[in-house]
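Residue numbers (this note's numbering): 261 to 600.
Just so it is clear, CB atoms sit at the ideal spot from N, CA and C, and this is done for glycine as well.
Keep in mind it's a predicted model, so treat the numbers as computed, not measured.
Here the structure is laid out as structure tokens; the discussion comes afterwards.
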Ligand code: FES
Ligand SMILES: [Fe+2]
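Here's what the structure looks like:
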């Protein structure tokens, strides 16, 4: 069950090229391509003629021709050409999703066209904002997107899963503050006067004690922005500060798999490509550690005994609030869908 009237990330801009690509979104097949004029297009990838994937065909100018018998569809999903036929069957059309391309990411609206709401577009402006630098990447995760979201909302796992990179005992020793508001959940953890983690020793050059703040913002349906700010503790010999945003868009591929689009941007060492390469590599390695746990978790949750329930502690506050919010939104949206 997925929220439809929302923006999801369908792909990174550079994934939209003339050669069509199939990508499943919310359990359904879509074809992604870029037209000759540069427009990013997302269409249902099931040809209404006989059900072949349009992605098996090719892009011709603004349109795409199915690879089976050549039915051709424009970016609105309307069939404009049937080889050898003068008339085009009225029902020859595929679903076309509204698309917004911004900050190097392509967002797709998965709900009704008449309900497109640009004010609900998630904010990832740091990806192109002067004063911030970093890159975006893609990971395929064989786990439900809610498990990935919960992984990001409870960073106490860093002490165990990421002991070589982000790990610090402080993350479990300092409590979180959870705030749920109408349109999201914020989790904050202040860790004053702690030893810097291996990541910040390497990336920020910290050696002395630091004040480390984590702020995690979840925006439905699947957007998580983690802001990490590290500063030398007042009075220490060092006077350093560093800030990162980890930008996470968790698009459901199916109920059990997720397209994980992530970006990492920093506000220091601008213009230093070596730092960019290192931060991307370290973060990628960190996420692969998460991925290993998440995929095993999915397998075990798939066969959980009747009545098995997770245990929620104070550290799970963000996860619990996010799930409640999602359930409320789903309860509100699903009956409306049945009426339409
Ligand atoms: S199945 Fe696409 S043209 Fe026939
Ligand atoms: Fe993690």
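- Counting only residues whose CB is nearer than 5 Å to a non-hydrogen atom of ligand 1, the list in chain order is 307, 309, 310, 312, 326, 328, 329 and 331.
- According to the DSSP assignment, residue 549 belongs to the alpha helix (DSSP H) that extends over 533 to 562.
- Membership of residue 499 in any beta strand (DSSP E) is not indicated, and neither H nor E is assigned to it by DSSP.
- The three-state reading of DSSP puts residue 509 in strand, counting E and B together.
- Taking 8 Å as the cut-off, the C-beta of residue 524 does not count as close to any heavy atom of ligand 2.
- Here the alpha carbon of residue 377 sits roughly 43 Å from the alpha carbon of residue 465.
- Counting of Cβ neighbours within 10 angstroms places residue 587 among the exposed residues, the total staying below 16.
- Residues 481 of the same chain have their beta carbon placed closer than 6 Å to that of residue 266, with the five preceding and five following residues left out of the count.
- Between residue 304 and residue 294, the beta carbon gap of about 17 Å keeps them out of contact (Cβ cut-off 8 Å).
- Placement of the Cβ of residue 295 at a distance of 8 Å or more from every heavy atom of ligand 2 is found.
- Spanning the alpha carbons of residue 361 and residue 386 requires a straight line of approximately 15 Å.
- With fewer than 16 neighbouring CB atoms inside 10 Å of its own CB, residue 389 falls in the exposed class.
- In terms of side-chain proximity, the C-beta atom of residue 432 is found no nearer than 8 Å to any non-hydrogen atom of ligand 2.
- Pairing residue 479 with residue 382 gives a Cβ-Cβ distance under 9 Å.
- Only exposed fits residue 349, as fewer than 16 other CB atoms lie within 10 angstroms of its CB.
- Using a C-beta cut-off of 8 Å, the stretch 365 to 377 makes no contact with the stretch 308 to 317, since fewer than three inter-stretch Cβ pairs fall below that distance.
- Rounded to the nearest whole angstrom, the C-alpha separation of residue 506 and residue 337 is 35 Å.
- Between ligand 2 and residue 399, a heavy atom-to-CB distance of less than 8 Å is absent.
- Within the stretch 271 to 298, the complete beta strand (DSSP E) segments of 3 residues or longer fall at 281 to 285 and 288 to 294, listed in chain order.
- The beta carbon of residue 284 sits closer than 6 Å to the beta carbons of 513 from its chain, once the five residues preceding and following it are set aside; these are given in chain order.
- Following the DSSP letters along the chain, one finds residue 458 inside the alpha helix (DSSP H) bounded by residues 458 to 464.
- Counting along the chain, residue 398 sits inside no alpha helix (DSSP H); it lies in the beta strand (DSSP E) bounded by residues 393 to 401.
- Residue 324 sits buried, since 16 or more C-beta atoms from the chains shown fall within 10 Å of its C-beta.
- Here residue 400 is exposed: its Cβ has fewer than 16 other Cβ atoms, across all protein chains shown, within 10 Å.
- Listed as beta-bridge partners of residue 451 by DSSP are 472.
- Assignment of residue 420 by DSSP, reduced to helix, strand and coil, places it in the helix class.
- Considering only 398, 300, 476 and 384, the residue with the shortest C-alpha distance to residue 410 is 476.
- When C-alpha distances from residue 300 are compared across 365, 307 and 339, the shortest belongs to 365.
- DSSP places residue 408 inside the alpha helix (DSSP H), whose first and last residues are 405 to 413.
- Judged by DSSP in its simplified three-state form, residue 592 adopts helix.
- Distances from the alpha-carbon of residue 531 to those of 264, 395 and 430 put 395 closest.
- Boundaries cannot be given for residue 328, as no beta strand (DSSP E) includes it and DSSP labels it neither H nor E.
- Per the coordinates, the alpha-carbon of residue 510 lies some 6 Å from the alpha-carbon of residue 483.
- Cβ-Cβ separation between residue 472 and residue 485: approximately 17 Å, too far for a contact (criterion under 8 Å).
- According to DSSP, residue pairing for residue 430 in a beta bridge does not occur.
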